[in-house]
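S.K.: Can you read through this structure? Questions will come right after.
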Amino acid sequence: MIERDELLDAISGFGLFADLSAPQLEAIIHIFDERMFAEGETIVHQGLSGSGFFVIVDGEALVEADGRELARLGRGDFFGEVAILLGVPAIADVTATRQMRCLVLPGPQVESFLVSQPKVMFRMLQAQARRLRAANRSGT
Amino acid sequence: MTHRGDSSRPFPPGPYPVLVVGSGPGGLQVSYALRRYGIEHAVISEDPSPGGMFRRWPFFQRLLSWTKPHAPAPRGSRAYERYDWNSLLADEPEARALQPDLMDGSSYFPSRPEMEANLALFADRAGIAVRYGCRWTGTRQVDAADGGGFVLETTDGEYRAGSLVIAVGVAQPFTPPGIGMELTHHYADVRPAESYAGHRVLMLGKQNSGFELANGLLPWARSIVLASPSPAKFSVQTRSLAGVRARYVQPFEDFVLGGGVAVLDAALDRIERTEGGDGSLTVRLRRTDNGEELAIEMDDVISATGFTTPILDLPDIGCSVSGRSRLPLVSSWWESTTLPDVYFAGTIGQAAKGLVKHGVPANSGAVHGGRYNAMVLAQRIAETRFDVAPSRPALATSDLVSTIASELAEAPELWHQRAYLARVFTMDAAAGLVDDGVQPLTHYLDAGGPDAVAVTLEADGTGAIYPVLYTRMAGEIRERNLQPDPLLRYDGPDARREIWAIVREAIPDLPAEA
Chain D
1 MIERDELLDA
11 ISGFGLFADL
21 SAPQLEAIIH
31 IFDERMFAEG
41 ETIVHQGLSG
51 SGFFVIVDGE
61 ALVEADGREL
71 ARLGRGDFFG
81 EVAILLGVPA
91 IADVTATRQM
101 RCLVLPGPQV
111 ESFLVSQPKV
121 MFRMLQAQAR
131 RLRAANRSGT
Chain S
1 MTHRGDSSRP
11 FPPGPYPVLV
21 VGSGPGGLQV
31 SYALRRYGIE
41 HAVISEDPSP
51 GGMFRRWPFF
61 QRLLSWTKPH
71 APAPRGSRAY
81 ERYDWNSLLA
91 DEPEARALQP
101 DLMDGSSYFP
111 SRPEMEANLA
121 LFADRAGIAV
131 RYGCRWTGTR
141 QVDAADGGGF
151 VLETTDGEYR
161 AGSLVIAVGV
171 AQPFTPPGIG
181 MELTHHYADV
191 RPAESYAGHR
201 VLMLGKQNSG
211 FELANGLLPW
221 ARSIVLASPS
231 PAKFSVQTRS
241 LAGVRARYVQ
251 PFEDFVLGGG
261 VAVLDAALDR
271 IERTEGGDGS
281 LTVRLRRTDN
291 GEELAIEMDD
301 VISATGFTTP
311 ILDLPDIGCS
321 VSGRSRLPLV
331 SSWWESTTLP
341 DVYFAGTIGQ
351 AAKGLVKHGV
361 PANSGAVHGG
371 RYNAMVLAQR
381 IAETRFDVAP
391 SRPALATSDL
401 VSTIASELAE
411 APELWHQRAY
421 LARVFTMDAA
431 AGLVDDGVQP
441 LTHYLDAGGP
451 DAVAVTLEAD
461 GTGAIYPVLY
471 TRMAGEIRER
481 NLQPDPLLRY
491 DGPDARREIW
501 AIVREAIPDL
511 PAEA
């Protein structure tokens, strides 16, 4: 099961999944879908509904809102959760700047997933808190 | 269009503008569509006759996709295509809606032989020429200095083409590596059902193929176990084709009612011959919900672990693939993003995911989705590779709301390829309002352009199917949903008022609705 083992190795090093046991990590890779995105492909469209929650396994992405660069994301980062948690359209464009491999969870499944994996929810909350602190410091 | 070679062995090796590989639904439909645009091409197939995977599967000889002989729309009409998932598309009446006439009335799911007959009849009636018994064996890319394009090596000789359309299905049996997997047999190698009489059978995999086998073996097997790491999903829960189809759910009911079937969320550790057993196998599993280890003694273990894409050496010359199915990485027009001029049709078209809004995928992996993709792909190849001018009929602004309402009532492309294909109406600076036809929605969203409106149907996983209009004004896209209608009618007065209000944002001088 080379591909599965490789994927397990990759995500076991991600902060989001840092508290999970080996069987829990294995469950993660079966709950999420795996998708590849070509360089230049827009993965999330600002203003559109119905996107998913993405965890980057490989590759890089640019996050822009209203044409303004907000962040660059890489391996282990995640995106798409804000629109799902708030039940609103996507708040930014996310575009692959290099070929990307992601784990994807459809929006309607995110709540039940987080409730079933409170450690992941806590890690996500920590990441959001860091982003909020950074935004406050930069005055945005 | 005439073709080279005699009628029994058309398309001898040599140069062709486009080469299509495959004679399943994808290859036949894309060949039909290329011819419609006047694009000279050859079609080769390793099979002896049309049909692709339907020459052999599904194993229990009954399809998952329905054709309703008696439907709300007249047979042969465009609207009828919404209810007939299996006939291929043609302009000529004698080649349209062929499936219902070939069904014996015992089910609205055609049998495998009925589907195979449908595809063979289409090839005959539509005059699709194929060089059968010609197997693709290798591929070379030709340097631009030498004219570019590709050389395909085959058992009949070398073909050269500027563009390739690969429609070979997702049909190569895949068994994942693992300890003892050599003791299993794949879905593709399942024996006649009666040979499992009284056996204990374990299916690795809980998707359609695993449940299809379990369902078919219910009258034969002594006990059945279905196991895979993630929980089974059912189409009636996902409200989409993602998940096990309703007609295969019987084994799950047997499981929840304690009838002897077991459905386990467990990862395979290993399979070994049972010590002192009479040829039986011990399957060691680890539950993914609580880590508990299980050992189950079985007589047969079947790998219902899916199929991969048999695209030979294309990855070696630059075609990126992904995932266990080795699907190519493609644009929304089904062109390899890393090996230009190589396109994919048929089941492989599912590689282009589109927006997958609310987690609901397009139906590109099925005939009723892929047949529209093939028509759009042929138009794309014609326009971008052969300078065929796109058809852009003018439309009076006073007719736009009616046209949109009528499309929402009838357009099979929009009903079957929800959130993937869209009908686009553009305010062209020179020509005024024009009908830009059917396009991949993501192309419309990402390509930019003049003010326009794109019309789609979408589903959100709750069971509702509703129209979505994407207006583009000064380059900015806005998504506007219509209210879901429980009877799915979107051409009545209320829907027309909603459409009018949305479209008017993009076209301020839109005449008022009567």
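The listed protein sequences derive, respectively, from chains D and S. For the first sequence, the numbering used here begins at 1 and goes up steadily by one. For the second sequence, the numbering used here begins at 1 and goes up steadily by one. C-beta: ideal position from N, C-alpha, C; glycine also.
1. Do you know whose CA, among S:R247, S:S111, S:E498, S:T397, lies nearest F425 of chain S's CA?
2. Relative to chain S, which residues along the segment 46 to 68 of chain D have a C-beta separation below 8 Å, given in chain order?
3. For G365 of chain S and S332 of chain S, which I take to be in contact (beta-carbon distance under 8 Å), what is that distance rounded to the nearest angstrom?
4. Exposed or buried, L86 of chain D, counting other C-beta atoms within 10 Å across all chains shown (16 or more means buried)?
5. Would you say P23 of chain D reaches chain S, if we count a Cβ-Cβ gap shorter than 8 Å as a contact?
6. Among S:V201, S:A452, S:L377, which residue has its Cα nearest to the Cα of G558 of chain S?
7. Report buried or exposed for N373 of chain S, applying the criterion of at least 16 other Cβ atoms within 10 angstroms of its Cβ.
8. Can you pull the chain S neighbours of T42 of chain D, defined as C-beta to C-beta under 9 Å?
9. What is the DSSP secondary structure of T175 of chain S, reduced to helix, strand or coil?
10. Give a yes or no on contact between the segment 295 to 310 of chain S and the segment 194 to 206 of chain S, applying the rule of three or more CB pairs nearer than 8 Å.
11. Please classify P315 of chain S: does DSSP put it in a helix, a strand, or coil?
12. To the nearest whole angstrom, what separates the beta carbons of L314 of chain S and I348 of chain S, a pair I think is in contact under 8 Å?
13. Return yes when the Cβ of L285 of chain S is within less than 8 Å of the Cβ of L268 of chain S, no when it is not.
14. Could you check how far apart the C-beta atoms of S402 of chain S and A304 of chain S are, in whole angstroms? I think they sit under 8 Å.
15. Using only CA atoms, which one of D:V63, D:R130, D:I31, D:V120 lies nearest to G40 of chain D?
16. Name the one or two DSSP bridge partners that Y343 of chain S has.
17. Taking the alpha-carbon of Q439 of chain S as reference, which of S:T238, S:S163, S:R380, S:Y466 has the nearest alpha-carbon?
18. Mapping DSSP to helix, strand and coil, what is I2 of chain D?
19. Quick check: the segment 381 to 397 of chain S against the segment 427 to 434 of chain S, are there 3 or more CB pairs under 8 Å?
20. Between the Cα of M100 of chain D and those of D:R75, D:A22, D:A134, D:I31, spot the shortest distance and give me the residue it belongs to.
21. According to DSSP, Y159 of chain S sits in a beta bridge with which residue or residues?
22. Against chain D, does H358 of chain S count as a neighbour if the rule is that its beta carbon must be under 8 Å from one of theirs?
23. Got a sec: is the Cβ-Cβ distance from S322 of chain S to anything in chain D below 8 Å?
24. List, in order along the chain, the chain S residues whose C-beta lies closer than 8 Å to that of I31 of chain D?
25. Is DSSP giving H443 of chain S helix, strand or coil here?
26. Listing by chain order, which chain S residues have their CB less than 7 Å from the CB of E34 of chain D?
27. Verify the CB distance criterion: does L329 of chain S have a CB-CB separation below 8 Å to chain D?
28. Roughly how many angstroms lie between the CA atoms of S406 of chain S and P72 of chain S, to the nearest whole one?
29. Give every residue of the same chain whose Cβ lies closer than 7 Å to the Cβ of F255 of chain S, excluding the five residues on either side of it in the sequence, and list them in chain order.
30. Please return the same chain residues whose Cβ sits closer than 8 Å to the Cβ of R273 of chain S, not counting the five positions on each side in sequence.
31. Quick one: is T533 of chain S near chain D, going by C-beta distance under 8 Å?
32. Assign P412 of chain S to buried or exposed, taking buried as 16 or more other Cβ atoms, counted over all protein chains shown, within 10 Å of its Cβ.
33. Counting C-beta neighbours from all protein chains within 10 Å, is the total for H70 of chain S 16 or more, i.e. buried, or is it exposed?
34. Can you list the residues of chain D that R326 of chain S reaches, using a CB-CB cut of under 8 Å?
35. List, in chain order, every chain D residue whose beta-carbon is nearer than 7 Å to that of A267 of chain S.
36. Can you find the residues in the same chain that come closer than 7 Å, C-beta to C-beta, to D77 of chain D, ignoring five residues on each side of it along the sequence?
M.R.: Well, looking at it:
1. S:T397
2. In summary, the residues of the segment 46 to 68 of chain D whose CB is separated from some CB of chain S by less than 8 Å are G47, L48, S49, G50, S51, G52, in the order they occur in the chain.
3. At roughly 16 Å, the Cβ-Cβ gap does not stay under 8 Å, so G365 of chain S and S332 of chain S are not in contact.
4. Answer is exposed; the Cβ neighbour count stays below 16.
5. yes
6. Shown here, chain S extends from 1 to 514; a query on residue 558 of chain S therefore has no answer.
7. The residue in question, N373 of chain S, is buried, as its Cβ has 16 or more Cβ neighbours within 10 Å.
8. T442, L445, D446
9. Here T175 of chain S sits in coil by DSSP.
10. yes
11. In the three-state scheme derived from DSSP, where H, G and I count as helix and E and B as strand, P315 of chain S is classed as helix.
12. That pair is no contact at about 11 Å.
13. yes
14. Actually they are not in contact, since the Cβ atoms of S402 of chain S and A304 of chain S sit about 48 Å apart, beyond 8 Å.
15. D:V63
16. S:V165, S:E335
17. S:R380
18. Low local confidence applies: a pLDDT of 47 at I2 of chain D is under 50, so the model's placement there is unreliable, and no value is given.
19. yes
20. D:R75
21. S:L152
22. yes
23. In terms of beta-carbon proximity, S322 of chain S lines the interface with chain D, with at least one pair separated by less than 8 Å.
24. S230
25. helix
26. G323
27. yes
28. 15 Å
29. V261, A262, V263
30. L183, G279, S280, L281, T282
31. This structure leaves residue 533 of chain S out entirely; chain S is present only between 1 and 514.
32. P412 of chain S counts as buried, since at least 16 other C-beta atoms from the protein chains shown sit within 10 angstroms of its C-beta.
33. Answer is exposed; the Cβ neighbour count stays below 16.
34. Result: empty, since nearest Cβ-Cβ is about 11 Å, beyond 8 Å.
35. E26
36. I56
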